[in-house]
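Sequential numbering of the sequence shown, starting at 3, is according to the working numbering.
For glycine and all other residues, C-beta sits at the position ideal for the given N, C-alpha and C.
Since this is a predicted model, take the numbers as computed values, not measurements.
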Amino acid sequence: MEEFFNQLRERYLALSEEEKDVIRSLMGTEQGRVLGKILGPEIASQINLRRPAQPVQQRRGLGMR
Numbered sequence: 003m004e005e006f007f008n009q010l011r012e013r014y015l016a017l018s019e020e021e022k023d024v025i026r027s028l029m030g031t032e033q034g035r036v037l038g039k040i041l042g043p044e045i046a047s048q049i050n051l052r053r054p055a056q057p058v059q060q061r062r063g064l065g066m067r
């Protein structure tokens, strides 16, 4: 199980800052709470979920694909 957590952590750290900001923008949202329940405290504690430096622009329409 520890290997799994390490793999997830490495994948998160490999994301660009923009991609990390997308995940960080979920903090405090319904989607973020559900994601937190799935990931659990073990994984959430390994990921720095601070608020994004800049607001993440939400895509709309065909841009969501």
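- According to the DSSP assignment, Leu-41 belongs to the alpha helix (DSSP H) that extends over 32-46.
- By the beta-carbon neighbour count (other beta carbons within 10 angstroms, threshold 16), Lys-39 is exposed.
- Straight-line spacing of the CA atoms in Leu-17 and Gln-33 works out to 19 Å.
- Secondary structure note for Leu-15: its alpha helix (DSSP H) is the uninterrupted segment 4-16.
- Each residue's CA atom was taken as its position, placing Phe-6 and Thr-31 some 26 Å apart.
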